[in-house]
Each structure stands twice: as C-alpha cells, then as structure tokens.
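Q: Protein chains in written order, with UniProt numbering: chain W, 1 to 326; chain U, 1 to 326.
Quick reminder that beta carbons are idealized off the backbone N, C-alpha and C, glycines included.
Only a predicted model underlies this, so the values are computations on that prediction, with no experimental measurement involved.
Here it is: the structure, laid out below.
The following block contains the structure:
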C-alpha cells in the first residue's frame with residue numbers, strides 16, 4: 001500500500017488520463033501534474049505509471065503513452081474520491097512528523113520550500129534573498145540551489161531553470177512537536193510591518209479550512225510588499241501563527257532560544273501576548289507563536305517581476321545539503 | 001454608536017490618514033478605501049469624515065483635506081485594533097440576518113454581489129451573463145445595471161463604468177434561517193463539472209477561517225473555466241456548501257422547491273448525499289446543501305478578458321429593483 005502522498009499522485013495521474021482523449025505520454029503527464037501542484041519529474045512519473053500498470057489501472061498503448069483501464073476508472077471514481085481534496089493542515093502535520101531537525105546539534109531533516117526560477121535570474125535573485133535574510137524576514141540563511149537537469153528529491157529541474165530550496169517555518173513546528181509540545185499551525189497571514197516592527201495582521205486564512213496554501217494565495221494576489229519593507233521598513237509580509245497550550249510556554253521559549261542559536265530566526269512573537277495576537281484571535285488556554293514565513297524571500301522575487309513557481313512545504317531535506325548564504 | 005460595518009469603515013479611514021504624510025482629500029480617501037475592498041463613494045466618504053470630525057478623531061486641514069488627530073491615532077491603535085481583520089463568515093451572518101426575501105411572495109430584500117465593468121464592455125457582458133444563467137450556473141436570472149454617476153447603495157458608479165448587481169447565493173441561507181433552520185455556510189469552493197453535472201469539489205476554503213473571500217481567491221488565481229463549461233459541458237465553476245441539521249432535511253427540501261418556483265436556482269445537491277458531499281467532509285449529524293455561486297457570471301466575464309472588480313456580498317437590495325435578463 002503506497003503512502004498517502006504517493007496515493008494522491010497515482011489518483012491524479014488516473015484523473016489526467018481519464019480527462020484526456022486517447023493515450024498520453026509520460027512527459028505530458030508530468031507537465032500536467034506540475035500544473036496541478038504535484039511536483040513530479042518525468043522519471044518519477046514513469047515510476048508511478050509502472051505502479052499503476054501493475055495494479056491494472058493503466059496500460060501502455062503503443063509507443064505513444066498510457067490509457068486508463070475500466071478498472072482504473074472505477075478506482076478513481078470510488079475508492080479515493082475524497083483524496084485529492086486535502087486540507088493544507090493535513091500536509092503540514094505529515095511534514096511536522098517527518099522533520100527530524102534538532103537545533104541542539106544542528107542536524108537532521110528540515111522542511112523546505114522550493115521555488116523554480118529561470119537560470120538567467122539566479123544572480124539577482126541571490127542578492128535579493130540575502131537582503132530578505134539579513135533584514136530578518138526569512139527563517140534561515142541556508143539555501144540550496146539545484147541546477148537544471150539535476151534531481152531535487154523526486155524532480156528533475158527543467159532545462160533553463162534552477163530550483164531554490166529554503167527553510168520552511170514548519171520546521172519550527174516540527175521541533176516543538178518532537179519536544180513534546182502539542183502545536184497547531186493555525187493561520188497563514190499577511191502582517192503589516194511598520195518601522196521594521198510587526199504591527200498587526202491584516203489578513204489570515206486558517207490552514208485547517210483550505211485546500212490552497214494561503215502563502216500562494218497572498219503572493220499570487222500580489223498582496224505582499226517585501227521589497228518595500230526592505231527599502232522603507234514598512235509594508236506587508238507573510239507570516240504564520242501556531243497555537244500551543246499556555247502551560248508549555250516556558251518550554252517553548254527555551255526551544256526558541258535554541259532555534260536562534262542554530263540560526264533559525266523569524267519568530268517575532270513567542271507567547272508574549274495573551275490573546276489576541278496582533279489582531280488575531282487565539283483560543284482560550286492557548287498562546288500564539290508568530291513567525292515570518294519562509295516564503296518571504298520568494299515573494300520578494302515575485303515582486304521584482306521574476307517568474308517564479310513557488311511550492312511551499314515541498315519536502316524534507318538534510319540540513320547539510322543547504323549552505324549559508326553569504 | 002455606529003454599526004459594525006460603519007465602524008470598520010471609520011477605522012479604515014483613520015488608518016489611511018495615519019499611513020499618509022499630511023492631509024488627504026475625500027476623493028483620494030474614497031479611492032484608497034475601494035482599493036482596500038471598502039465599497040464607498042466620495043459622497044459617502046465625506047459623510048463618514050464628518051462623523052470622525054464630530055468625534056475629534058480627524059480635523060480639516062485647509063481646503064485640501066483631512067488629517068488624523070492624536071485622539072484619532074489613539075482610537076485607531078487601541079480600541080478597535082482587531083476590527084479590520086474579520087472572518088468572511090461574520091459578514092455572511094450579517095447579511096443572512098439582513099435578508100428579508102420571501103420566496104412564497106417573491107418580495108423582500110435579497111443579498112446581491114456587485115461587479116464593476118467598463119461601460120464599453122456592457123453589451124457583450126450581458127450576452128455572457130444570459131448564457132451563464134440559461135446553463136444554470138447562476139442563482140437567479142435577475143440583474144440590475146447601474147449606470148455611471150448613479151448611486152448603488154452608498155456608492156457612485158465611477159465615470160465610464162457600470163455596476164452589475166446579481167443575486168448572491170447567501171440569499172438561500174437567509175431564507176433557510178428565516179424559516180428557522182440553523183444554517184452554516186461552510187465552504188466556498190471550486191467544483192469540477194463534467195457533461196453538465198457537478199462531479200466533485202477540487203478546492204475548498206472554509207468561510208470561518210478566512211479574511212479573504214474564497215470566490216475572489218479562485219477568480220483572481222484564474223482557476224475557473226465557466227466559459228469552457230458553457231461550450232463543452234465540462235470545466236470548473238464556483239460553488240458553496242452549507243450544512244444544516246439532518247432532521248431539518250425535509251423542511252429544507254420544501255423551501256428549495258419554493259425557491260425554484262421563485263426563480264432561485266443553482267442548488268445542485270440538496271441533502272441527497274450523506275457525507276461526504278462530492279468529496280467534501282460534512283459534520284456528523286449534518287447534511288450539506290451545495291449551490292453554484294452567484295459570482296459565476298462575473299467569473300465568466302473575467303475569463304473573457306473583461307476588466308472586472310468583483311465585490312461578493314455587497315449589499316441587500318429589494319428584489320423589485322432587479323429585472324429579469326431576457
């Protein structure tokens with residue numbers, strides 16, 4: 001039985017085949033998967049297609065590609081109909097569980113966000129990423145640049161492009177969880193910064209009630225102004241709020257200082273406020289930890305007019321693979 | 001004490017004044033309010049400014065405009081800091097409460113969505129709106145066209161533009177509520193239509209956890225394909241899901257037939273399914289009523305490349321003011 005993640009990809013491939021007329025090749029399926037938010041290269045797509053063939057859900061059709069079988073149609077319609085529609089919070093919990101990053105030893109696997117850009121934009125992108133990190137609106141100064149043709153996890157970076165991987169703030173939640181603190185990443189939002197201080201949230205979306213990642217919503221609606229914040233100290237940037245039980249507050253604070261020693265930054269409110277937190281309601285008996293989002297560097301690139309494809313919560317990656325930006 | 005709606009506008013005006021350098025005129029404030037999603041004309045803005053003057057929060061500064069007073073800064077920062085950040089569900093409940101539409105007599109006030117377009121696009125827009133209505137993806141065939149310079153509720157339609165008002169599906173929720181059924185408009189989503197049948201939800205956002213209207217999110221991310229549905233019978237359109245207690249199911253069904261007699265359409269699942277509803281989880285003891293969104297006609301205009309400004313849940317309006325499209 002494949003894991004939930006693989007399961008979702010298999011079903012999406014069946015959907016693509018079902019929605020098309022006639023056979024479809026692996027390259028075209030991979031492209032369509034990417035368009036739908038599944039980060040899968042051609043090679044990995046072929047691997048998934050073989051799994052589907054083995055189960056009798058698809059079959060080869062000449063040299064050109066695959067078609068879906070009646071059994072595959074059945075499978076798609078019934079057994080897993082609700083599978084595609086996952087709330088972002090489910091994915092968050094999967095990744096919190098997968099993280100093994102330990103700030104005490106600065107080792108283990110961290111959650112990363114990935115952003116694809118054109119290779120020709122790389123130099124000016126790196127400059128901007130540095131500025132966002134230095135100003136404190138990212139999570140970590142660490143970065144991995146993956147060149148065209150190389151594989152990033154299951155993916156081949158397309159020709160002419162590079163993939164950038166940066167720390168995702170969910171790493172913080174993973175660390176709190178592993179230290180036994182029940183943590184609930186509640187809202188993704190937009191926070192107004194004034195004179196380099198987080199002033200108040202102006203928009204939020206609950207991760208538990210959305211199938212679209214709030215960070216992508218705010219970036220694609222052009223609601224961020226990270227560049228303006230770098231220049232003037234004021235504007236709108238992406239941030240997250242998680243809730244923990246009030247009685248875990250002291251433990252959480254110790255973990256936050258450890259995270260800072262391990263160069264994990266971006267937390268701008270660590271249970272200092274009782275509720276509400278900068279305008280956002282917090283549940284009774286809970287307190288809120290707010291951090292900037294690891295997507296802010298990529299939002300800045302988008303604001304510059306650079307063509308970006310941002311995939312929050314892409315994967316876990318060993319921290320050794322990421323190098324300091326400096 | 002002004003109502004919550006007015007309160008929010010007053011605070012937003014204070015914010016605009018606070019964020020600007022020096023005095024600001026009413027026209028510029030009105031423009032900025034519109035940009036921030038507050039649907040207020042210049043005349044109405046002047047009225048609100050007088051309210052702020054009376055309270056000592058703003059004062060006139062020469063002929064050019066208003067400035068915020070220290071008292072106004074205080075007011076803005078403390079008393080009402082959480083006011084701007086409202087969940088969409090709060091606004092939904094305000095409008096459900098305001099609706100007085102009675103399908104039995106076809107009278108009363110219905111909730112409307114408003115869309116501003118350029119006047120030169122009006123003719124081809126009307127054609128498309130008709131097609132969306134005839135295909136069954138709108139709520140009602142009724143429409144109000146408000147010409148430039150005329151007032152729509154508190155607003156003057158800007159020069160060169162017209163405002164289109166159509167039935168909002170929240171009207172259905174208002175009717176259920178007024179007949180004593182506890183109704184909870186839960187998700188705004190995107191539904192895949194195949195051969196003119198609603199097949200499954202592919203994305204949802206919980207109205208209770210978002211400060212941005214999901215309909216605006218899906219339209220601005222270009223995720224709808226209403227035109228394609230009109231042409232081929234398949235594609236993605238906007239829809240809503242509300243939950244009611246299972247034991248209110250029979251009552252709700254009677255109300256739904258009354259709504260149909262009063263030309264209120266678009267409900268494609270009226271508690272037929274037990275949970276989940278086309279891929280979306282429904283709470284235990286509840287059943288779901290799914291309807292197409294009143295925003296679909298405006299989504300179709302956006303897909304045509306027409307410049308639209310869509311304001312879901314804009315106002316309540318007497319049904320007599322809207323005329324049948326035919």
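Where in the stretch 99-170 of chain U do unbroken runs of the alpha helix (DSSP H), each at least 4 residues long, occur, reported from the N-terminal end onward?
A: Fully enclosed alpha helix (DSSP H) runs of 4 or longer: 122-134.
Q: Could you tell me which chain W residues have their CB closer than 8 Å to the CB of residue 205 of chain U, listed as they occur along the chain?
A: The residue given as residue 205 of chain U occupies position 205 in the second chain. Ordered by position in chain W, the residues that pass the 8 Å Cβ test against residue 205 of chain U are 205, 209, 210, 211 and 212.
Q: Mind checking if residue 224 of chain W is an interface residue toward chain A, Cβ cutoff 9 Å exclusive?
A: Protein chains W and U are contained in the structure displayed, whereas chain A is not.
Q: With DSSP collapsed to three states, give me the class of residue 69 of chain W.
A: Stepping through the first chain from its first residue, residue 69 of chain W is reached at position 69. Coil at residue 69 of chain W, not helix or strand.
Q: Taking a Cβ distance cut-off of 7 Å, strictly less, list which residues of the stretch 214-248 of chain W are near chain U, in chain order.
A: Per Cβ criterion, the list reads 217, 220 and 221.
Q: Chain W beta carbons: is any one of them nearer than 9 Å to that of residue 189 of chain U?
A: Position 189 of the second chain, counting from 1, holds the residue named residue 189 of chain U. It does; some Cβ of chain W falls within 9 Å.
Q: Between the beta-carbon of residue 144 of chain U and the beta-carbon of residue 317 of chain U, is there less than 9 Å?
A: Translated into the one-based positions of the second chain, residue 144 of chain U becomes position 144. Translated into the one-based positions of the second chain, residue 317 of chain U becomes position 317. Cβ distance < 9 Å, so residue 144 of chain U and residue 317 of chain U count as in contact.
Q: Say whether the stretch 129-147 of chain U touches the stretch 165-172 of chain U, bearing in mind that this needs 3 or more beta-carbon pairs closer than 8 Å, one atom from each stretch.
A: As far as the Cβ criterion goes, the stretch 129-147 of chain U touches the stretch 165-172 of chain U, which means the pair count is three or higher.
Q: Within its chain, find whatever has a CB closer than 7 Å to the CB of residue 184 of chain U; leave out the 5 residues flanking it on each side and keep chain order.
A: For this step, residue 184 of chain U is matched to residue 184 along the second chain. Around residue 184 of chain U: 242 and 243.
Q: Would you list the one or two residues that DSSP bridges to residue 210 of chain W?
A: The count along the first chain starts at 1 and reaches residue 210 of chain W at position 210. Answer by DSSP bridge pairing, in chain order: U/205.
Q: I need the straight-line Cα distance from residue 283 of chain U to residue 270 of chain U, nearest angstrom please.
A: Taking the first residue of the second chain as 1, we reach residue 283 of chain U at position 283. Taking the first residue of the second chain as 1, we reach residue 270 of chain U at position 270. Approximately 15 Å between the Cα atoms of the pair.
Q: My guess is that residue 215 of chain U and residue 235 of chain U are in contact by the Cβ rule of under 8 Å, so how many angstroms apart are they, rounded?
A: On the second chain, residue 215 of chain U is found 215 positions in, with the first residue counted as 1. On the second chain, residue 235 of chain U is found 235 positions in, with the first residue counted as 1. Not really, about 16 Å apart at Cβ, beyond 8 Å.
Q: Return no unless some Cβ of chain W is closer than 9 Å to the Cβ of residue 202 of chain U.
A: Reading the second chain from its first residue, position 202 is the one you call residue 202 of chain U. Answer yes: the Cβ-Cβ gap between residue 202 of chain U and chain W drops below 9 Å somewhere.
Q: Considering only residues of the same chain and omitting the five flanking positions on each side of residue 286 of chain U, which have a CB-CB separation below 7 Å?
A: Counting from one through the second chain, the residue named residue 286 of chain U turns up at place 286. Around residue 286 of chain U: 243, 244, 245 and 246.
Q: So what's residue 297 of chain W in DSSP terms, helix, strand or just coil?
A: As a first step, residue 297 of chain W is located in the first chain; it is residue number 297 there, counting from the start. Residue state, collapsed to three classes: helix.
Q: To which residues does DSSP link residue 281 of chain W through a beta bridge?
A: By 1-based counting over the first chain, the position of residue 281 of chain W is 281. Answer is none; residue 281 of chain W lacks a bridge partner.
Q: Tell me, to the nearest whole angstrom, how far the beta carbon of residue 88 of chain U is from that of residue 122 of chain U; I am working on the premise that it is less than 8 Å.
A: Start at 1 with the first residue of the second chain, and residue 88 of chain U comes out as number 88. Start at 1 with the first residue of the second chain, and residue 122 of chain U comes out as number 122. Incorrect: roughly 29 Å between the Cβ atoms, too far for contact.
Q: May I ask which residues mark the beginning and end of the beta strand (DSSP E) holding residue 317 of chain U?
A: As a first step, residue 317 of chain U is located in the second chain; it is residue number 317 there, counting from the start. Unbroken beta strand (DSSP E) run through residue 317 of chain U: 309-318.
Q: Considering only residues of the same chain and omitting the five flanking positions on each side of residue 27 of chain W, which have a CB-CB separation below 7 Å?
A: Reading the first chain from its first residue, position 27 is the one you call residue 27 of chain W. Hits under 7 Å: 42.
Q: For residue 279 of chain U, which residues of its own chain have a beta-carbon under 6 Å away from its beta-carbon, when the five flanking residues on both sides are left out?
A: The residue given as residue 279 of chain U occupies position 279 in the second chain. Once the five neighbours on either side are set aside, the close Cβ partners of residue 279 of chain U are 200 and 201.
Q: Please name the residue or residues paired with residue 287 of chain W in a DSSP beta bridge.
A: Within the first chain, the letter at position 287 stands for residue 287 of chain W. W/244, per the DSSP bridge assignment.
Q: What residue from W/63, W/68, W/253 and W/64 has the CA that sits closest to residue 54 of chain W's CA?
A: For the purposes of this step, residue 54 of chain W is identified with residue 54 of the first chain, where counting begins at 1. Ranking the options by Cα distance to residue 54 of chain W, first place goes to W/68.
Q: Return the bridge partner residues of residue 61 of chain U from the DSSP annotation.
A: Against the second chain, residue 61 of chain U aligns to sequence position 61. Note: residue 61 of chain U sits in a beta bridge opposite U/65.
Q: So, helix, strand or coil for residue 197 of chain W, using DSSP?
A: What you label residue 197 of chain W is simply residue 197 of the first chain in a count that begins at 1. Here residue 197 of chain W sits in strand by DSSP.
Q: What does a CB cutoff of less than 6 Å around residue 281 of chain W pick up in its chain, not counting 5 residues either side in sequence?
A: For the purposes of this step, residue 281 of chain W is taken as the residue at position 281 of the first chain. Result list for residue 281 of chain W: empty, nothing under 6 Å.
Q: Counting C-beta neighbours from all protein chains within 10 Å, is the total for residue 21 of chain W 16 or more, i.e. buried, or is it exposed?
A: Counted from its first residue, the first chain places residue 21 of chain W at position 21. When all chains shown are included, residue 21 of chain W counts as exposed.
Q: Among W/126, W/65, W/116 and W/35, which one has its Cα closest to the Cα of residue 326 of chain W?
A: On the first chain, residue 326 of chain W is found 326 positions in, with the first residue counted as 1. Cα-wise, what sits closest to residue 326 of chain W is W/126.
Q: I need the DSSP call for residue 261 of chain W, collapsed to helix, strand or coil.
A: Mapped onto the first chain, residue 261 of chain W falls at position 261. Correct three-state label for residue 261 of chain W: helix.
Q: Do you know how far the Cα of residue 177 of chain U is from the Cα of residue 300 of chain W?
A: If you number the first chain from 1, residue 300 of chain W lands on position 300. If you number the second chain from 1, residue 177 of chain U lands on position 177. Their backbone Cα atoms lie some 45 Å apart in a straight line.
Q: Whose C-alpha, out of U/263, U/240 and U/267, is nearest the C-alpha of residue 252 of chain U?
A: In the second chain, residue 252 of chain U corresponds to position 252, counting from 1. With distances taken between Cα atoms, residue 252 of chain U lies closest to U/267.
Q: In three-state DSSP terms, what is residue 52 of chain U?
A: Within the second chain, the letter at position 52 stands for residue 52 of chain U. If DSSP states are grouped into helix, strand and coil, residue 52 of chain U belongs with the helices.
Q: Take residue 37 of chain W and list the residues in its own chain whose beta-carbon comes closer than 8 Å to its own, dropping the five residues that flank it on each side.
A: By one-based count along the first chain, residue 37 of chain W stands at place 37. Hits under 8 Å: 311.
Q: Identify, in the order they occur along the chain, each residue of the same chain with its Cβ nearer than 6 Å to the Cβ of residue 65 of chain U, setting aside the five sequence neighbours on each side.
A: In the second chain, counting from the first residue as 1, residue 65 of chain U sits at position 65. Contacts found: 23, 24 and 25.
Q: Given residue 319 of chain U, which residues of its chain have a CB within under 8 Å of its CB, disregarding the five upstream and five downstream residues?
A: Position 319 of the second chain, counting from 1, holds the residue named residue 319 of chain U. The residues are 101, 106, 107, 108, 109, 110 and 142.
Q: Put residue 82 of chain U into one of helix, strand or coil per three-state DSSP.
A: What you label residue 82 of chain U is simply residue 82 of the second chain in a count that begins at 1. Residue placement at residue 82 of chain U cannot be trusted, given a pLDDT of 47 that sits under 50; what the coordinates show is reported in the next sentence. Coil.
Q: Nearest-angstrom Cα distance between residue 219 of chain U and residue 210 of chain U?
A: As a first step, residue 219 of chain U must be located in the second chain, where it is residue number 219. As a first step, residue 210 of chain U must be located in the second chain, where it is residue number 210. Spanning the two alpha carbons is a distance of roughly 16 Å.
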